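Numbering (the numbering used here), first residue to last: 777 to 869.
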């Protein structure tokens, strides 16, 4: 039960952080463009990778260690968020 609570709380905090960064990106896009089209495109391009990944995720979860896949997924999300933050701070976004 302890291991489950640690994993669950880690995923919960990770989800909050990811959603906060998505919300911040939505706000930035709205301040930059003020068009619903830009928000719709951002939403589309956030969902597009999830569609392709979900096709193969069942196979990967059955084949590889779930713990390592969770760590890999959270690491990829963290790298994307850090990259976005660095691009924004250097005015290259």
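Note that CB positions come from ideal geometry on N, CA and C, so glycine has one too. What you are looking at is a predicted structure, and each value in this text was computed from that prediction instead of being measured.
Could you compute how far the alpha carbon of residue i sits from the alpha carbon of residue j?
{"i": "residue 784", "j": "residue 807", "result": "35 Å"}
{"i": "residue 828", "j": "residue 853", "result": "16 Å"}
{"i": "residue 867", "j": "residue 857", "result": "15 Å"}
{"i": "residue 810", "j": "residue 826", "result": "26 Å"}
If the criterion is Cβ atoms closer than 8 Å, does the pair residue i and residue j meet it?
{"i": "residue 831", "j": "residue 837", "result": "no"}
{"i": "residue 815", "j": "residue 799", "result": "no"}
{"i": "residue 805", "j": "residue 818", "result": "yes"}
{"i": "residue 869", "j": "residue 860", "result": "yes"}
{"i": "residue 850", "j": "residue 797", "result": "no"}
Starting from residue i, trace the alpha helix (DSSP H) in both directions and tell me its first and last residue.
{"i": "residue 809", "result": "778-809"}
{"i": "residue 862", "result": "842-865"}
Determine the closest residue to residue i out of the options, with distance taken between C-alpha atoms.
{"i": "residue 822", "options": "786, 795, 782 and 777", "result": "795"}
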